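Report on the structure given below.
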Amino acid sequence: MGHRLAASLSPYLRQHADNPVDWWEWGEEAFAEARRRDVPIFLSVGYAACHWCHVMAHESFEDEGVAAALSAGWVSVKVDREERPDVDAVYMLATQAMTGHGGWPMTVLITPDGEPFFAGTYLPRPQLLQLLDAAGTAWREDRERLTASATSIAAQLAGIADPGPGSPIEDEQVALAVHTLRKVFDDARAGFGGAPKFPPSMTLEHLLRHHARTGDADALAMAERTLEAMARGGIHDQLAGGFARYSVDAEWVVPHFEKMLYDNAQLLRVYAHWHRATGDELAGRVAGSTADFLVRDLRTDEGGFASALDADTIIDGRSVEGATYVWTPAQLVEVLGEEDGRRAAELLEVTPEGTFEHGTSTLQLLHDVEDSADAGWWESVRVRLLTARDERPQPALDAKVVTSWNGLAIAALADAGVTLRRPDLVEAAAAAARLVLEHHLVDGRLRRTSLGGVVGPAPAVLDDHGNLAEGLLSLHRATGETTWLTRAGEVLELATSLFHDEDGWHDTAHDGEALITRPRGRTDNAEPAGVSAIAGALLTHSALTDRTDHRALAEEAVAAQSRIITHDPRFAGWALAVAEAMLAGPLQVAIVGEGPGGPLRAVAEASPAPGLVIVSGEPDAPGEPLLADRPLVDGRATAYVCRGFVCDAPVTDPEALRRLL
Numbered sequence: 001m002g003h004r005l006a007a008s009l010s011p012y013l014r015q016h017a018d019n020p021v022d023w024w025e026w027g028e029e030a031f032a033e034a035r036r037r038d039v040p041i042f043l044s045v046g047y048a049a050c051h052w053c054h055v056m057a058h059e060s061f062e063d064e065g066v067a068a069a070l071s072a073g074w075v076s077v078k079v080d081r082e083e084r085p086d087v088d089a090v091y092m093l094a095t096q097a098m099t100g101h102g103g104w105p106m107t108v109l110i111t112p113d114g115e116p117f118f119a120g121t122y123l124p125r126p127q128l129l130q131l132l133d134a135a136g137t138a139w140r141e142d143r144e145r146l147t148a149s150a151t152s153i154a155a156q157l158a159g160i161a162d163p164g165p166g167s168p169i170e171d172e173q174v175a176l177a178v179h180t181l182r183k184v185f186d187d188a189r190a191g192f193g194g195a196p197k198f199p200p201s202m203t204l205e206h207l208l209r210h211h212a213r214t215g216d217a218d219a220l221a222m223a224e225r226t227l228e229a230m231a232r233g234g235i236h237d238q239l240a241g242g243f244a245r246y247s248v249d250a251e252w253v254v255p256h257f258e259k260m261l262y263d264n265a266q267l268l269r270v271y272a273h274w275h276r277a278t279g280d281e282l283a284g285r286v287a288g289s290t291a292d293f294l295v296r297d298l299r300t301d302e303g304g305f306a307s308a309l310d311a312d313t314i315i316d317g318r319s320v321e322g323a324t325y326v327w328t329p330a331q332l333v334e335v336l337g338e339e340d341g342r343r344a345a346e347l348l349e350v351t352p353e354g355t356f357e358h359g360t361s362t363l364q365l366l367h368d369v370e371d372s373a374d375a376g377w378w379e380s381v382r383v384r385l386l387t388a389r390d391e392r393p394q395p396a397l398d399a400k401v402v403t404s405w406n407g408l409a410i411a412a413l414a415d416a417g418v419t420l421r422r423p424d425l426v427e428a429a430a431a432a433a434r435l436v437l438e439h440h441l442v443d444g445r446l447r448r449t450s451l452g453g454v455v456g457p458a459p460a461v462l463d464d465h466g467n468l469a470e471g472l473l474s475l476h477r478a479t480g481e482t483t484w485l486t487r488a489g490e491v492l493e494l495a496t497s498l499f500h501d502e503d504g505w506h507d508t509a510h511d512g513e514a515l516i517t518r519p520r521g522r523t524d525n526a527e528p529a530g531v532s533a534i535a536g537a538l539l540t541h542s543a544l545t546d547r548t549d550h551r552a553l554a555e556e557a558v559a560a561q562s563r564i565i566t567h568d569p570r571f572a573g574w575a576l577a578v579a580e581a582m583l584a585g586p587l588q589v590a591i592v593g594e595g596p597g598g599p600l601r602a603v604a605e606a607s608p609a610p611g612l613v614i615v616s617g618e619p620d621a622p623g624e625p626l627l628a629d630r631p632l633v634d635g636r637a638t639a640y641v642c643r644g645f646v647c648d649a650p651v652t653d654p655e656a657l658r659r660l661l
């Protein structure tokens, strides 16, 4: 019955194409059908790698009884939250306001005008059937009260969605944010708060930048301890690299096993930046293996990056969470032999009781064997276990290419490629950038997703533009090619024209689909909010081009986050990272007479100064404003360190440049 979804470019919608439920995609046709039949809409929102979405699908949406109940009194609409983040944001706001919590799958009952009158998340089959019965009766017999309530809810959501004006962020607020983070830091296990624990990638980036700007040792300690705890825990794939979505416990032992592109891109970048700041070997190894995971396991045939690997593996027709990844002592012995198997079990915390389910364990690497005499042994064991694991059933891949998350991956791979001296990663970033710019730009407008090289219909939102521009600017830094700077400027001009007005920044375009509210996300949660993403890219672009209007727009965007920065900095990580760069200048380094790989450039690339921009080339090179009027000194390669295009005295000695930075 769900045949309408079969042609969708969303892997999540395609998962439901064979359901007995008569699914519609989100759009005017579904709403027109609800008005024609005079029935409300059953809205179900999820994503392809979502474990509880699979559970609800199996229990309810594959059930003939549920399908019959939905067909009798509802128009059923299925939405991929990753394809339509605007629809998801509006109804998640309703779900959180009505229930006090959110999550996926999200279940919302709405009128044919789009106004919600019930919201929830995962519902077991009996509760779902009870809800459909009760809500259907209310729709038929008490419609006036139900629609009045829905209209009232929609009006209240509009008020919640408008965050109001912000205030400029100064050093005092940033220092207070670090103090607030210190109070919720888990001294015993690292990270912030209790279980479940999500990788706080943007907060860690903020803390590294704060330390680089101020020398705050506590900020560095919180970042380093968390980065090390995650790297050694079960949330990190010790065999193949990459990280799972979150840890269900406070000790990073048992993950929720889905692997998301947006998590791994941000984690790759922050581990690379940790390595750049301190030279830490663990940081460099984890950055390298995470980059390898992205390129090996998530790169698509077209050169972009896929969205996710599922949490579940299909075993004998059943979805089993984590089945690909967990081990028993006996399984280790089977692959490695008696002696190596017992030794590996001890090293990787694989116990007879198990740390996960049914006597299985996740793999942890709590002792740094890689720097010891056992390094060669461990590498042999890792390869043998990974080879055996590759023979197991594997989790499904959500192969859609999302503009925003590819922007995050481009930025991370470009930065890591420079820091780790790996041009292959820079080239992977460039290939993804070319794909997005060639395929996702349609008639001068960005689209959100593609699948198999075919672009989807959903328009790009603000974070797509901000994260893509951020990636292109990182590519410019890594390659010195002016094309990337030019294209980033074009993306930012497009974003400003579509998403900014006298009220500030919006997540959807001025001419986008009118929902019951126009979303304006302000929290940096799993990924940067659109307003934070655009702030960072505008700031970097202004430092490279002297576009003072872009600087002003960046400052306005960060100011819009001021309430969250003040009250809950855990959810303003990227806004705070951008604020650190603003407060630091950011520093600009113009190097003339030297190309990539030169000694002056190497010194600049090793600096952890927040938001630092680097341009190298010949004096007055076209398309590079930072190189204008910057002559060689005594015919030698020369570096100029500037803030706001106002420069210190030029230097030709790498050690002198290091002191300036």
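Numbering (full-length UniProt numbering), first residue to last: 1 to 661. Just so you know, even glycine gets a beta-carbon here, dropped at the ideal spot from N, CA and C. Keep in mind that this is a model prediction, so the values were computed, not measured.
Coil, strand or helix - residue i by DSSP
{"i": "G2", "result": "Bear in mind that a pLDDT of 48 at G2, under 50, signals an unreliable position, so the model cannot answer this."}
{"i": "Y640", "result": "strand"}
{"i": "P20", "result": "coil"}
{"i": "W377", "result": "helix"}
{"i": "F117", "result": "strand"}
{"i": "F257", "result": "coil"}
{"i": "T313", "result": "strand"}
{"i": "T540", "result": "helix"}
{"i": "S307", "result": "strand"}
{"i": "A552", "result": "helix"}
{"i": "L660", "result": "helix"}
{"i": "P459", "result": "strand"}
{"i": "residue 693", "result": "A query on residue 693 cannot be resolved here, the shown segment of the chain reaching from 1 to 661 and no further."}
{"i": "Q331", "result": "helix"}
{"i": "C647", "result": "strand"}
{"i": "I235", "result": "coil"}
Beta carbon of residue i nearer than 8 Å to that of residue j
{"i": "S562", "j": "S167", "result": "yes"}
{"i": "G593", "j": "A637", "result": "yes"}
{"i": "L336", "j": "V350", "result": "no"}
{"i": "A554", "j": "L539", "result": "yes"}
{"i": "A399", "j": "T300", "result": "yes"}
{"i": "A294", "j": "L267", "result": "It should be pointed out that residue 294 corresponds to Leu in this sequence rather than to Ala. Not closer than 8 Å, so no."}
{"i": "L462", "j": "Y262", "result": "no"}
{"i": "S76", "j": "W23", "result": "yes"}
{"i": "H256", "j": "A311", "result": "yes"}
{"i": "L309", "j": "L397", "result": "yes"}
{"i": "T483", "j": "P395", "result": "no"}
{"i": "S319", "j": "H54", "result": "yes"}
{"i": "A639", "j": "L587", "result": "no"}
Sequence-distant residues of its chain with Cβ nearer than 8 Å to residue i (five each side left out)
{"i": "V442", "result": "V455"}
{"i": "D634", "result": "T652"}
Classification of residue i by the beta-carbon crowding that lies within 10 angstroms, buried from 16 upward
{"i": "R487", "result": "buried"}
{"i": "V491", "result": "buried"}
{"i": "T95", "result": "buried"}
{"i": "R37", "result": "exposed"}
{"i": "P650", "result": "buried"}
{"i": "D88", "result": "buried"}
{"i": "R245", "result": "buried"}
{"i": "N467", "result": "buried"}
{"i": "G215", "result": "exposed"}
Own chain partners of residue i with C-beta closer than 6 Å, once the 5 adjacent residues on each side are dropped
{"i": "V184", "result": "F192 and G193"}
{"i": "A223", "result": "L204, L207 and L208"}
{"i": "M56", "result": "P105 and Y122"}
{"i": "D415", "result": "R269, A272 and S474"}
{"i": "A154", "result": "E115 and I516"}
{"i": "A469", "result": "A488, V491, L492 and A537"}
Inter-residue CB distance, residue i and residue j (contact presumed, cutoff 8 Å)
{"i": "A621", "j": "L612", "result": "At roughly 19 Å, the Cβ-Cβ gap does not stay under 8 Å, so A621 and L612 are not in contact."}
{"i": "A529", "j": "R522", "result": "6 Å"}
{"i": "Q156", "j": "L365", "result": "Incorrect: roughly 49 Å between the Cβ atoms, too far for contact."}
{"i": "G450", "j": "H440", "result": "The sequence given here places Ser at residue 450; Gly does not occur at that position. Right, the Cβ-Cβ distance comes to about 6 Å (below 8 Å), so this counts as a contact."}
{"i": "I315", "j": "P200", "result": "33 Å between Cβ atoms; not a contact."}
{"i": "D86", "j": "T508", "result": "5 Å"}
{"i": "V426", "j": "L437", "result": "With 8 Å as the limit, V426 and L437 do not qualify as a contact, their Cβ atoms being about 16 Å apart."}
{"i": "V381", "j": "A432", "result": "Wrong, their Cβ atoms sit about 33 Å apart, outside the cutoff."}
Residues of its chain near residue i, where Cβ-Cβ distance is below 7 Å and the 5 sequence neighbours each way are ignored
{"i": "H275", "result": "A283, G284, A287 and T419"}
{"i": "P124", "result": "E59"}
8 Å Cβ cutoff, residue i in contact with chain D
{"i": "W23", "result": "Judged by its chain identifiers, the structure shown contains no chain D, having just a single protein chain."}
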